[in-house]
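>
Protein chains in written order, with my numbering: chain B, 363 to 664; chain A, 5 to 242.
1. Any beta-carbon of chain A closer than 8 Å to the one on residue 462 of chain B?
2. Looking at the unbroken beta strand (DSSP E) that takes in residue 452 of chain B, where does it start and where does it end?
3. Touching or not, the stretch 606–614 of chain B and the stretch 462–480 of chain B, by the rule of three or more beta carbon pairs under 8 Å?
4. Using 8 Å as the Cβ pair cut-off and three pairs as the minimum, do the stretch 427–440 of chain B and the stretch 576–587 of chain B touch?
5. I need the straight-line Cα distance from residue 567 of chain B to residue 598 of chain B, nearest angstrom please.
6. In chain A, which residues lie less than 7 Å from residue 663 of chain B when you measure between Cβ atoms?
7. Report back the beta-carbon spacing between residue 487 of chain B and residue 498 of chain B to the nearest angstrom; my notes put them in contact at under 8 Å.
8. Just reading off the beta strand (DSSP E) that residue 516 of chain B is part of, what are its end residues?
9. Measuring CB atoms only, is the stretch 513–522 of chain B touching the stretch 553–564 of chain B, in the sense that at least three cross pairs come out at less than 8 Å?
10. With distance defined between alpha-carbon atoms, name the residue in B:617, B:465 and B:428 nearest to residue 62 of chain A.
11. Which residue or residues does DSSP assign as beta-bridge partners of residue 418 of chain B?
12. Under a CB-based cut-off of 8 Å, is residue 329 of chain B close to chain A?
13. Give me the chain A residues within the contact set of residue 625 of chain B, using Cβ-Cβ distance strictly less than 8 Å, ordered along the chain.
14. Verify the CB distance criterion: does residue 468 of chain B have a CB-CB separation below 8 Å to chain A?
15. I'd like to know whether the C-beta atoms of residue 524 of chain B and residue 655 of chain B end up nearer to each other than 8 Å.
16. If the cut-off is 9 Å on Cβ atoms, which residues from the stretch 48–77 of chain A count as contacting chain B, listed in chain order?
17. Run through DSSP, which three-state label would residue 172 of chain A get?
18. Within 8 Å, do at least three Cβ pairs link the stretch 63–77 of chain A to the stretch 176–188 of chain A?
19. Checking the sheet assignment: what are the DSSP bridge partners for residue 243 of chain A?
20. Mapping the DSSP letters down to three states, classify residue 442 of chain B as helix, strand or coil.
21. Ignore the nearest five residues each way along the sequence and tell me which others in residue 142 of chain A's own chain have a CB closer than 7 Å to its CB.
22. How big is the Cα-Cα spacing for residue 570 of chain B and residue 662 of chain B?
23. Note the first and the last residue of the continuous beta strand (DSSP E) segment covering residue 485 of chain B.
24. Can you check whether the C-beta of residue 480 of chain B is within less than 8 Å of a C-beta belonging to chain A?
25. By the criterion of Cβ-Cβ separation under 9 Å, what are the contact partners of residue 488 of chain B in chain A?
26. Does residue 218 of chain A come within less than 8 Å of chain B when only Cβ atoms are used?
27. Measure from the alpha carbon of residue 123 of chain A to the alpha carbon of each residue in A:136, A:132 and A:225, then state which is nearest.
28. In chain order, what residues of the same chain have a beta carbon less than 8 Å from the beta carbon of residue 394 of chain B, not counting five sequence neighbours either side?
29. Residue 660 of chain B bridges to which residues according to DSSP?
30. For residue 205 of chain A and chain B, any beta-carbon pair shorter than 8 Å?
31. Would you identify the three-state DSSP class for residue 211 of chain A, choosing helix, strand or coil?
32. For residue 204 of chain A, which of helix, strand or coil comes out of DSSP?
33. Distance cutoff 8 Å, beta carbons only. Does residue 91 of chain A sit that close to anything in chain B?
34. At the 8 Å Cβ level, is residue 170 of chain A part of the contact set with chain B, yes or no?
35. Can you tell me which of the three DSSP states residue 67 of chain A falls into?
36. If you draw a straight line from the C-alpha of residue 164 of chain A to the C-alpha of residue 521 of chain B, how long is it?
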């Protein structure tokens with residue numbers, strides 16, 4: 363806390379912001395730029411802007427996307443509920459490796475179809491070797507699954523409580539929300555990919571080219587920190603389907619899973635599915651020794 | 005004189021120079037070839053992961069997952085414990101209620117191989133120990149029968165399964181076993197055991213996986229169906 367008597371200090375950030383504001387206002391005045399121009403130019407980190415400003419930005423997004431995809435797009439700004447921290451459970455004894463979750467995720471979260479981006483990667487492993495990441499195969503493609511002597515381990519963002527990815531971001535374009543979801547501000551991301559190097563789970567993905575999605579395949583139910591279309595040159599990742607879970611729905615991967623291996627709930631609610639399985643079953647987190655403290659719990663129900 | 009001879013020994017001779025040049029040339033050639041081939045030489049030509057598929061390639065799978073109207077209606081209440089179960093999965097060939105046919109039939113309680121009807125049902129669920137009338141009720145075919153003699157409807161068949169599979173039943177009620185759809189903090193849709201497990205042969209049936217992700221080497225051309233790599237890969241035809 364600052365003392366009341368302190369004289370107002372102008373640091374570099376404030377100075378630069380003020381200067382840019384003035385320049386933008388002049389530029390817009392001269393050129394008669396469209397209404398969104400100033401808003402875009404002055405776009406600050408989503409963490410810092412006022413709710414009114416956020417609403418204006420989001421309305422602009424909705425108008426842009428609606429025009430671009432030819433259907434009514436809504437961009438939600440629903441915040442975290444108090445008393446909720448999300449946790450995820452995945453039953454390794456049930457997963458059959460069918461990859462329904464991978465494609466349901468792409469359908470729900472508007473990932474680029476070309477070049478292809480998948481937020482979930484299913485690793486096939488040898489039962490006799492146990493969990494052996496280096497020896498795993500994500501490219502298996504047999505006629506039918508599960509295969510003899512194999513088990514499957516889907517890996518996506520582990521939503522760490524102590525996330526290394528957010529610490530390395532030089533522009534604070536990625537952070538952990540109060541409900542534990544690690545999100546990315548696609549407008550703020552500069553594409554340096556430090557977070558991808560920092561993530562021990564390979565859960566972050568980079569848009570090397572302009573993402574391509576057919577207009578009729580776009581999911582119009584969006585969240586400003588989640589599945590809204592990404593520009594070229596930014597990093598994206600699983601958000602536990604923030605546009606769904608903040609409305610109370612289960613993530614898409616949970617609902618599509620044909621064997622019911624995926625579980626989801628509030629870690630602060632003792633009666634929730636995730637807490638029950640943490641109490642009752644054998645649970646582990648991936649790469650526990652790195653102290654990333656994932657909120658993604660693998661378990662064995664049998 | 006002696007000193008200069010020693011210095012001569014320190015310099016590489018012609019033979020050593022030739023060997024080094026050969027190694028250098030070989031490495032150059034390998035590097036050049038790798039660059040020309042995009043670095044995919046070490047990928048088995050039969051290997052998967054060359055073609056990019058999207059959800060739209062699988063119209064038979066319902067990725068939208070619309071909730072049942074009554075689950076959606078109950079969503080507003082946010083009442084934990086509002087659970088709904090879709091109707092039991094009767095096969096298309098036979099019409100419920102069972103009594104429509106069975107009321108006129110004489111009951112034969114003798115254990116036998118079925119020949120006239122229902123002969124397509126293969127019992128692979130403890131076939132030595134179990135027979136039709138252990139679960140199906142003899143006198144009232146529209147209900148199932150618990151060991152206690154109590155009758156339960158087909159929409160409550162989980163009670164029947166839970167008689168033996170107690171730990172699974174407990175997990176199912178807590179939401180750890182089986183599929184759930186709906187609201188994590190409210191109204192949910194459960195499935196009956198029989199929606200996923202055929203009660204007569206309960207082992208989960210293998211299914212075809214959706215295609216693997218594209219290997220990084222092929223990302224650039226993976227979405228182009230005319231490319232040579234795409235032609236090489238078979239299967240997963242939409």
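Every residue, glycine too, gets a C-beta built ideally from N, C-alpha and C. Predicted model only: the values in this text are computed from it and were never measured.
Taking the coordinates as given:
1. Reading the first chain from its first residue, position 100 is the one you call residue 462 of chain B. Taking Cβ atoms only, chain A reaches closer than 8 Å to residue 462 of chain B, which makes this a yes.
2. On the first chain, position 90 is the one that residue 452 of chain B refers to. Its beta strand (DSSP E) spans residues 448–453.
3. yes
4. yes
5. For the purposes of this step, residue 567 of chain B is taken as the residue at position 205 of the first chain. For the purposes of this step, residue 598 of chain B is taken as the residue at position 236 of the first chain. It is roughly 5 Å from the alpha-carbon of residue 567 of chain B to the alpha-carbon of residue 598 of chain B.
6. Position 301 of the first chain, counted from the first residue, corresponds to residue 663 of chain B. Here the neighbours are 175, 180 and 181.
7. In the first chain, counting from the first residue as 1, residue 487 of chain B sits at position 125. In the first chain, counting from the first residue as 1, residue 498 of chain B sits at position 136. Yes, residue 487 of chain B and residue 498 of chain B are in contact; Cβ-Cβ is about 5 Å, under 8 Å.
8. The count along the first chain starts at 1 and reaches residue 516 of chain B at position 154. First-last of the beta strand (DSSP E) with residue 516 of chain B: 512–517.
9. They touch, by the three-pair rule.
10. Residue mapping note: residue 62 of chain A aligns to position 58 of the second chain, counting from 1. Measuring from the Cα of residue 62 of chain A, the nearest candidate turns out to be B:465.
11. Translated into the one-based positions of the first chain, residue 418 of chain B becomes position 56. Beta-bridge pairing links residue 418 of chain B to no other residue.
12. Because chain B here runs from 363 to 664, residue 329 of chain B falls outside it and cannot be looked at.
13. Walking along the first chain from the start, residue 625 of chain B turns up at place 263. Per Cβ cutoff of 8 Å: 179 and 180.
14. The residue you call residue 468 of chain B lines up with position 106 of the first chain. Cβ-Cβ to chain A under 8 Å: yes for residue 468 of chain B.
15. To locate residue 524 of chain B, count along the first chain from 1; it is residue 162. To locate residue 655 of chain B, count along the first chain from 1; it is residue 293. Cβ atoms of residue 524 of chain B and residue 655 of chain B: closer than 8 Å.
16. 51, 52, 53, 56, 57, 58, 59, 60, 61, 62, 65, 66, 67, 68, 69 and 71
17. Reading the second chain from its first residue, position 168 is the one you call residue 172 of chain A. Helix at residue 172 of chain A.
18. Verdict: yes, contact present.
19. Limits of chain A in this structure are 5 at one end and 242 at the other, which puts residue 243 of chain A out of reach.
20. Walking along the first chain from the start, residue 442 of chain B turns up at place 80. Note: residue 442 of chain B maps to coil in three-state DSSP.
21. What you label residue 142 of chain A is simply residue 138 of the second chain in a count that begins at 1. Same-chain partners within the cutoff: 111 and 113.
22. Looking up residue 570 of chain B in the first chain gives position 208. Looking up residue 662 of chain B in the first chain gives position 300. For residue 570 of chain B and residue 662 of chain B, the distance between alpha carbons rounds to 37 Å.
23. Translated into positions along the first chain, residue 485 of chain B becomes position 123. 483–488 is the extent of the beta strand (DSSP E) around residue 485 of chain B.
24. In the first chain, counting from the first residue as 1, residue 480 of chain B sits at position 118. Yes, residue 480 of chain B lies at the interface with chain A (some Cβ there is under 8 Å from its Cβ).
25. As a working mapping, residue 488 of chain B is identified with position 126 in the first chain. Those within 9 Å of residue 488 of chain B in chain A number zero; the least Cβ separation is about 17 Å.
26. On the second chain, position 214 is the one that residue 218 of chain A refers to. By this cut-off, residue 218 of chain A is an interface position.
27. For the purposes of this step, residue 123 of chain A is taken as residue 119 along the second chain, with counting starting at 1. The candidate whose alpha carbon is nearest that of residue 123 of chain A is A:136.
28. Taking the first chain and counting its residues from 1, the one referred to as residue 394 of chain B is at position 32. The predicted position of residue 394 of chain B is uncertain, since its pLDDT is 48 and thus under 50; no value can be drawn from it.
29. As a first step, residue 660 of chain B is located in the first chain; it is residue number 298 there, counting from the start. Per DSSP, B:452 and B:646.
30. Here residue 205 of chain A refers to the residue found at position 201 when the second chain is read from its first residue. Chain B, which has no Cβ nearer than 8 Å to the Cβ of residue 205 of chain A, makes this no.
31. Looking up residue 211 of chain A in the second chain gives position 207. In this structure, residue 211 of chain A counts as strand in the three-state DSSP scheme.
32. In the second chain, counting from the first residue as 1, residue 204 of chain A sits at position 200. Coil, per DSSP.
33. Indexing the second chain from 1 puts residue 91 of chain A at position 87. So no, residue 91 of chain A is outside the interface.
34. Counted from its first residue, the second chain places residue 170 of chain A at position 166. So no, residue 170 of chain A is outside the interface.
35. The sequence position of residue 67 of chain A within the second chain is 63, counting from 1. DSSP places residue 67 of chain A in coil when its eight states are reduced to three.
36. Start at 1 with the first residue of the second chain, and residue 164 of chain A comes out as number 160. Start at 1 with the first residue of the first chain, and residue 521 of chain B comes out as number 159. Taking the straight line joining both Cα atoms gives about 39 Å.
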